[in-house]
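Enquirer: Taking the numbering used here, the leading residue of the sequence shown gets 25, the next gets one more, and so forth. We put the CB at the ideal spot given by N, CA and C, even for glycine. All values reported here derive from a predicted model rather than from experimental measurement.
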Amino acid sequence: MKLAQIQEWGKLQCIDTDAGDTMQSSTLCTSNEDSRDASYVWYTLLVDQNERHKRLEDVPVKQILFGQLEHLYLIRFNTSCRPLGFNSPTTIILASIRTCDVSATETIPGLDIHFYSRLQGIRVTDVQNIQGLVGQVPCSTGNYPWAIIDQNGMLPGPVYIDEDDVFAE
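1) Which runs of the beta strand (DSSP E) at least 3 residues long sit entirely within the stretch 42 to 119? Give them in chain order.
2) DSSP on Gln-175, reduced to helix/strand/coil?
3) Starting from Lys-26, follow the beta strand (DSSP E) in both directions and report where the run begins and ends.
4) Report the rounded CA-to-CA distance for Ser-120 versus Gly-134, giving the unit in angstroms.
5) Do three or more CB pairs link the stretch 96 to 110 to the stretch 125 to 134 at distances below 8 Å?
6) Quick check on Val-158: does DSSP put it in helix, strand or coil?
7) Taking DSSP's pairing of strands, which residues face Thr-131 in a bridge?
8) Taking 6 Å as the limit between beta carbons, can you name the residues of its chain near Val-151, skipping five residues before and five after?
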């Protein structure tokens, strides 16, 4: 890491969709009160099902998460970094996201709206795990003062392939 160049970015645009969502980090960019907060995103991670039980074997499960994008870091390795698995110069972009504590029970049938009461801890992930922007609005439903509106619909997330899987044609 001593030889890496690190920059913090405020915005990043997805170019793999027609919409071209521009995500903003909440710490470097501010939005007007009457405009959309482009720092709320949905992302997928492989989370250890046994993360609370350190002695048990890792059981990775795909999880869809929502959160507020706080930081975007561009890290450029000008030479190989074998301890991290980079055998040649490479560039990665990491996102620091404060995860929403989403209710598993409070829902509106037929709508892709999720309710949350607070922001939890920070997860750092490859920016490629971010699937898109979501809306975040205040509400007065039960114990949940905030709602996340996912306009992406039930889009399929990324498919994770185990390195041991073999595909035949």
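Expert: To lay it out plainly:
1) DSSP runs (the beta strand (DSSP E)) wholly in the stretch 42 to 119: 46 to 48, 64 to 72, 84 to 101.
2) Coil.
3) Careful: Lys-26 lies outside any beta strand (DSSP E) and carries neither H nor E.
4) So the two alpha carbons sit approximately 31 Å from each other.
5) Result no; under three Cβ-Cβ pairs closer than 8 Å.
6) In the three-state scheme derived from DSSP, where H, G and I count as helix and E and B as strand, Val-158 is classed as coil.
7) Looking at the DSSP output, Thr-131 sits in no beta bridge, so it has no partner there.
8) Scanning its chain for C-beta atoms nearer than 6 Å, with the 5 sequence neighbours on each side dropped, one finds around Val-151 the residues Ile-117, Ala-119, in chain order.
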